[in-house]
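Let me begin by presenting the structure, written as structure tokens, before commenting on it.
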Amino acid sequence: MNTMLNSTNVPNIYDFLKENYGFSQPVVTQLIEKLRTAPNSEIYVGRVTGSSIYRIAVGDLNLPYVLKFRTPTERDRFMMSFEKICMDMGRQVIKSY
Numbered sequence: 060m061n062t063m064l065n066s067t068n069v070p071n072i073y074d075f076l077k078e079n080y081g082f083s084q085p086v087v088t089q090l091i092e093k094l095r096t097a098p099n100s101e102i103y104v105g106r107v108t109g110s111s112i113y114r115i116a117v118g119d120l121n122l123p124y125v126l127k128f129r130t131p132t133e134r135d136r137f138m139m140s141f142e143k144i145c146m147d148m149g150r151q152v153i154k155s156y
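Here it is in structure tokens:
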């Protein structure tokens, strides 16, 4: 069952994105808003092999957020945590890139 972001889990994902990884405020805001406004949409994710890039698309595979990390190891730590948070929220995570 998919659930919408609410006052309980928005701060958690916000802190995860902003505080733990230092993404810019616009990126964090846009991604959270997309997750909030598309509560039944699949979350497409994937890492770019041989780089430190991770892509996230909510509902539309053609409109990804492209996140760049300092190292592939940092990207992989983020990837595992982000996907777990999404699944814990009841979202379907599809590895597609």
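Count along the sequence shown from 1, add 59, and you get the number used in the numbering used here. Glycine included, every Cβ here is placed at the ideal spot set by N, Cα and C.
1. Can you check the segment 63-102 for any beta strand (DSSP E) of at least 3 residues that lies completely inside it and give the ranges in chain order?
2. Report yes if the C-beta distance between leucine 94 and arginine 150 is below 9 Å; otherwise report no.
3. Roughly how many angstroms lie between the CA atoms of serine 83 and valine 117, to the nearest whole one?
4. Do the segment 138-145 and the segment 102-118 make contact, defined as three or more Cβ pairs closer than 8 Å?
5. Hey, would you say leucine 126 sits closer than 9 Å to valine 152, going by beta carbons?
6. Return the CA-CA distance between asparagine 79 and lysine 154, expressed in angstroms with no decimal places.
7. Can you grab the Cα-Cα spacing for the pair valine 104 / glycine 81, in whole Å?
8. Quick one: measure Cβ to Cβ for glutamate 133 and serine 111, integer angstroms, because I've assumed they're closer than 8 Å.
9. Determine the direct distance from the alpha carbon of valine 107 to that of phenylalanine 137, and round the result to whole angstroms.
10. Quick one: is methionine 146 buried, meaning 16 or more other Cβ sit within 10 Å of its Cβ, or exposed?
Taking the definition as stated:
1. List check, beta strand (DSSP E) in window: nothing returned.
2. Cβ atoms of leucine 94 and arginine 150: closer than 9 Å.
3. If you take the alpha carbons of serine 83 and valine 117, they lie about 18 Å apart.
4. A contact exists between the segment 138-145 and the segment 102-118.
5. Going by C-beta atoms, leucine 126 is not nearer than 9 Å to valine 152.
6. Our two residues, asparagine 79 and lysine 154, have alpha carbons roughly 23 Å apart in a direct line.
7. A direct Cα-to-Cα measurement between valine 104 and glycine 81 gives close to 19 Å.
8. That pair is a contact at about 7 Å.
9. So the two alpha carbons sit approximately 14 Å from each other.
10. Exposed: under 16 other Cβ atoms inside 10 Å.
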